[in-house]
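The listed protein sequences correspond, in order, to chains A and B. Just so you know, the working numbering puts 158 at position 98 of the first sequence, and the rest follows in order with no gaps. Just so you know, the working numbering puts 50 at position 35 of the second sequence, and the rest follows in order with no gaps. Glycine residues also receive a C-beta, built at the ideal position from the N, C-alpha and C atoms. A quick note: this is a predicted structure, and the numbers were derived from the prediction, not measured. The structure appears right after this line, and notes come after that.
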Amino acid sequence: MSRKSGPVETSRREILAAGAGALALVIARPARATPESMAAAIKAFVGEADIREGMVTLELPALVENGNSVPLTVKVDSPMTAQDYVKRIAVFNERNPQPNVALFYLSPRAGRALVSTRIRLGDSQNIVAIAQLSDGTFWSDKAELVVTLPACVES
Amino acid sequence: MARALINVPAKAKRGDIIEIKALISHPMETGYRTGPDGALVPRDIINRFICTYNGEEIFSADLFPAIAANPFLSFTTTATESGRIAFRWIDDRGQAYLETAEIAVE
Chain A
61 MSRKSGPVET SRREILAAGA GALALVIARP ARATPESMAA AIKAFVGEAD IREGMVTLEL
121 PALVENGNSV PLTVKVDSPM TAQDYVKRIA VFNERNPQPN VALFYLSPRA GRALVSTRIR
181 LGDSQNIVAI AQLSDGTFWS DKAELVVTLP ACVES
Chain B
16 MARALINVPA KAKRGDIIEI KALISHPMET GYRTGPDGAL VPRDIINRFI CTYNGEEIFS
76 ADLFPAIAAN PFLSFTTTAT ESGRIAFRWI DDRGQAYLET AEIAVE
């Protein structure tokens, strides 16, 4: 009996097996929205129209401690008259389980195109806001943020 | 019954742009969380919000699980006449929560 063995000793093979198991757990988590699924959701919203940058201002904190409640404000530089107003504003995310966040319907009676809410973020990611104006054009703004404690899928 | 908090100015001048804030207590269960037994907690969110001013729709929203628990919304409208501003939240089961506020416009 030259080989020493005890309960504390773990073979290299066992460690590798445990590692593979942990990897399988990570893979088995629910599917998450990816930049591609966000692109698909955006396409469903705008159709074939072009999206231009500008007009829209998306306000989000750059660094978020708690992803469970993140203040979000969207402003659109529009006179909000009967001839020229914002019809809809959609907000999309890249890395939550679903790409949609919210869709707001406005009318000229709003006076100002300004909407605020609070959102959940499962990870550090890009958020995109797209506004559809009454003339049929789409305008967008993007914000990147870092989340230190994401809204957990697990708990 | 869910508890709602609403902020509408009691008085406004005709033509003023007023800010309206609405919050309702609701867990906004995403459907992606697991419960203590390891099973997924079924999705239960408020998916629609509608605000009317004397019966005419002035703002509405489609909400998704990415909206935080106790959904908060703030938006603006032009004070046109005295009357009632009504709020309606609809959840996944089709149940609606109603709240109203009075505004005096001079």
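At the 8 Å Cβ level, is residue i part of the contact set with chain A, yes or no?
i: phenylalanine 87 of chain B; result: yes
i: serine 75 of chain B; result: yes
i: leucine 20 of chain B; result: no
i: proline 24 of chain B; result: no
i: proline 80 of chain B; result: yes
i: alanine 17 of chain B; result: no
i: alanine 116 of chain B; result: no
i: phenylalanine 102 of chain B; result: no
i: threonine 67 of chain B; result: no
i: isoleucine 105 of chain B; result: no
i: isoleucine 60 of chain B; result: no
If we define contact as Cβ-Cβ less than 8 Å, is residue i a contact residue for chain B?
i: arginine 169 of chain A; result: yes
i: leucine 193 of chain A; result: no
i: leucine 166 of chain A; result: yes
i: proline 157 of chain A; result: yes
i: serine 97 of chain A; result: no
i: serine 129 of chain A; result: yes
i: isoleucine 190 of chain A; result: no
i: serine 13 of chain A; result: Examination of residue 13 of chain A is not possible in this model, given that chain A is present from 61 through 215 alone.
i: leucine 209 of chain A; result: no
So, using beta-carbon positions, are residue i and residue j closer together than 8 Å?
i: valine 151 of chain A; j: isoleucine 111 of chain A; result: no
i: leucine 38 of chain B; j: phenylalanine 87 of chain B; result: yes
i: tyrosine 145 of chain A; j: alanine 76 of chain B; result: no
i: glycine 98 of chain B; j: asparagine 69 of chain B; result: yes
i: methionine 122 of chain B; j: isoleucine 61 of chain B; result: Lying before the first or after the last residue shown, residue 122 of chain B is absent from chain B, which here runs from 16 to 121.
i: alanine 25 of chain B; j: isoleucine 100 of chain B; result: no
i: serine 184 of chain A; j: valine 207 of chain A; result: yes
Nearest to residue i by alpha carbon, out of the options?
i: glutamate 96 of chain A; options: A:Val146, A:Asp137, A:Ala191, A:Asn160; result: A:Asn160
i: isoleucine 82 of chain B; options: B:Ile118, B:Glu117, B:Phe64; result: B:Phe64
i: arginine 92 of chain A; options: A:Gly182, A:Asp195, A:Ser200; result: A:Gly182
i: alanine 19 of chain B; options: B:Ala119, B:Arg103, B:Val120; result: B:Arg103
i: asparagine 85 of chain B; options: B:Thr67, B:Ile100, B:Ser40; result: B:Ser40
i: leucine 174 of chain A; options: A:Ala191, A:Gln185, A:Pro210, A:Gln158; result: A:Ala191
i: arginine 172 of chain A; options: A:Ala211, A:Thr141, A:Asn153; result: A:Thr141
i: threonine 117 of chain A; options: A:Pro168, A:Ala211, A:Ala170, A:Trp199; result: A:Trp199
Given the structure, does residue i come close to the ligand SAM, in the sense that its CB is under 7 Å from one of the ligand's heavy atoms?
i: tyrosine 145 of chain A; result: Questions concerning the ligand SAM fall outside what the structure shown contains, since it holds no ligand whatsoever.
Cutting at 7 Å between CB atoms, please list the residues of its own chain near residue i, excluding the five before and the five after it.
i: isoleucine 179 of chain A; result: Val130, Leu132, Val161
i: alanine 17 of chain B; result: Ile39, Ser40, His41, Tyr112
i: alanine 211 of chain A; result: Gly127, Asn128, Arg180, Leu181, Gly182
Give me, in chain order, the residues of the same chain whose beta-carbon lies closer than 8 Å to that of residue i; leave out the 5 immediate sequence neighbours on both sides.
i: serine 65 of chain A; result: At serine 65 of chain A the pLDDT is 49, less than 50, meaning the model places this residue with poor confidence and gives no usable figure here.
Please work out which residues of its chain come closer than 6 Å, Cβ to Cβ, to residue i, disregarding the five sequence neighbours upstream and downstream, and give them in chain order.
i: glycine 109 of chain B; result: none
i: phenylalanine 74 of chain B; result: Cys66, Phe90
For this session: Taking 8 Å as the threshold, find out whether the region 86–97 of chain B comes into contact with the region 24–33 of chain B through three or more Cβ pairs.
Result: The answer is yes - the region 24–33 of chain B touches the region 86–97 of chain B, with three or more Cβ pairs under 8 Å.
Problem set entry | Cβ contact check for the region 49–65 of chain B and the region 102–120 of chain A: 3 or more pairs under 8 Å | Verdict: no, contact absent.
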